[in-house]
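Below is one structure, written out as structure tokens, with a few remarks after it.
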Amino acid sequence: MANIVQCNSLPHLCKPSRISTPLLSSISLTPSISNVSTSSNALKLSTPRLNRTVSAVVSEENAVGSNFSGTDVFKLTYLEGNSWLWDVDGLKILVDPILVGNLDFGIPWLYDAAKKYIKNFQLSDLPEIDCLLITQSLDDHCHLNTLRPLSIKFPNLKVLATPNARPLLDPLFSNVTFIEPGQSSVIEAINGSKVRVQATAGPVLGPPWQRPENGYLVNSTQGQLTLYYEPHCVYNKDLLEKERADIVITPVIKQLLPKFTLVSGQEDAVRLARLLHAKFIVPMKNGDLDSKGLLASIIQAEGTIESFKHSPTISTSCPRLAQYKDMVSNGSFKGIQSGFMNPIKFSLLLSGNSVTL
């Protein structure tokens, strides 16, 4: 059983400290260990490995099935671009954050991009972070305008990163572990939770002999769930084919320059999900920013979320394509089931919102 959670856009995001009404749309998904009551719009799924209950609710405060002892839980909050906040059994991981200023690679005349929807979310809105995870060494992942103040706010923060980012991170953080593809490290939270993170091979951003950037496999505390993340949908098939991931976060819309692919997607994302035997797929729209500049004018998008769902590759594997199902009352969270090897559920996750798996 695989599910797809689609990341789109949120009209606005209030600061967490000012929340007075339900804000986050969540799915709670946990291994079934007891009877769990769910809301009326719950969708129950069964898999060969685990019996799980999915519940879509309007606010994270009302999420069900997410805090039972003996279960592993991923809560994923999308912060636009390549930025994420993950809560793994209470251990909080900040991924490739851009929370201060725009993304411009230091040359704004060439490219200058701002977030569309969660512009008011700042460093001060972050909870206590257990780990900073950096996938790549370029500014859209290792954003110095964000990392400098972050290092002041959390001076002892544990950092896991690609070795390519060493010149940028060493001057800022004192507790940095650089891991190569195939290597792993364990993160421990204040609450005692331990999460294992293994690096995988991502894209080569330079000459062919350069070290690849990183993707990551993140194992939950009890080993019941594994998440895979690589923000360019670039992977080494030979190195990944022995791995498995319940949750895959990947772009599905390609971003192209003339004769060069910046970000892969579409059929590459389908092959990735099949390779890892994914049960949950979270497509991210990391190119959906307010951008300007020379480079922005020539970047072309190829494919859409809809074309990904209905591509010939998926259609061939999915002869039983079911209709959409509303998951919350405002219609902003939708699911679809189909037969992709085993059934897949497509869902919609708004920027700034959370999904709990």
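Heads up: the sequence shown is residues 4 to 360, going by my numbering.
For every residue, glycine included, the Cβ atom is placed at its ideal position computed from N, Cα and C.
List, from N- to C-terminal side, the beta strand (DSSP E) runs of 3 residues or more that fit wholly inside the segment 75-108. 77-81, 87-91, 94-98
My output table needs one value for A281: the three-state DSSP class, helix, strand or coil. Your numbering for residue 281 matches position 278 in the sequence shown. Three-state DSSP puts A281 in coil, outside helix and strand.
Below 7 Å, is the gap between the Cβ of V179 and the nearest heavy atom of the ligand GTP? This structure does not include the ligand GTP; it has no bound ligands of any sort.
Helix, strand or coil for T149, going by three-state DSSP, please let me know. Walking along the sequence shown from the start, residue 149 turns up at place 146. Here T149 sits in helix by DSSP.
In the DSSP assignment, what residue or residues form a beta bridge with C134? Within the sequence shown, residue 134 is the residue found at index 131, counting from 1. In the DSSP output, where bridge partners are listed per residue, C134 has I96, K161.
Go through its chain and collect everything with a Cβ distance to H146's Cβ below 6 Å, but skip five positions before and after it. Here the question's residue 146 lines up with position 143 in the sequence shown. Same-chain partners within the cutoff: I101.
Provide the residue(s) that pair with E191 in DSSP beta bridges, ordered along the chain. Sequence index remark: in the sequence shown, residue 191 carries index 188 (1-based). E191 pairs with K197.
Leaving out five residues before and five after A3 in sequence, what residues of the same chain have Cβ atoms less than 6 Å from its Cβ? The structure shown does not extend to residue 3, since the chain is modelled only from 4 through 360, so no value can be given for it.
For K240, the three-state DSSP class (helix, strand or coil): By 1-based counting over the sequence shown, the position of residue 240 is 237. Correct three-state label for K240: helix.
If S196 and L94 are in contact, beta carbons under 8 Å, what's the gap, nearest whole angstrom? In the sequence shown, counting from the first residue as 1, residue 196 sits at position 193. In the sequence shown, counting from the first residue as 1, residue 94 sits at position 91. Indeed they touch by this definition, with Cβ atoms about 4 Å apart.
For D142, does the three-state DSSP call read helix, strand or coil? Indexing the sequence shown from 1 puts residue 142 at position 139. Coil, per DSSP.
For L106 and K262, what's the separation of their Cα atoms in angstroms? Counting from 1 along the sequence shown, the entry for residue 106 is found at position 103. Counting from 1 along the sequence shown, the entry for residue 262 is found at position 259. In a straight line, the C-alpha of L106 is about 24 Å away from that of K262.
Answer yes or no: do Y219 and T229 have a C-beta to C-beta separation smaller than 8 Å? Here residue 219 refers to the residue found at position 216 of the sequence shown. Here residue 229 refers to the residue found at position 226 of the sequence shown. For Y219 and T229, no; Cβs fall outside 8 Å.
Buried or exposed for P211, going by 16 or more other Cβ atoms inside 10 Å? Within the sequence shown, numbered from 1, the residue matching residue 211 stands at position 208. So P211 counts as exposed.
F311 lies in the alpha helix (DSSP H); which residues open and close that run? Counted from its first residue, the sequence shown places residue 311 at position 308. It spans 308-312 - the alpha helix (DSSP H) in which F311 sits, taken as one unbroken run.
Hey, is the segment 150-162 in contact with the segment 113-120, meaning 3+ C-beta pairs nearer than 8 Å? no
For G226, count neighbouring C-beta atoms within 10 Å of its own C-beta (all shown protein chains included) and say buried if the count is 16 or more, exposed if not. Mapped onto the sequence shown, residue 226 falls at position 223. Answer is exposed; the Cβ neighbour count stays below 16.
Applying the 10 Å Cβ sphere with the 16-neighbour rule, what's the burial state of P286? Here residue 286 refers to the residue found at position 283 of the sequence shown. Per the 10 Å Cβ criterion, buried.
When the Cα atoms are used, what is the spatial distance from G209 to S140? One-based indexing of the sequence shown puts residue 209 at position 206. One-based indexing of the sequence shown puts residue 140 at position 137. Using only the alpha carbons, I get a separation of about 11 Å.
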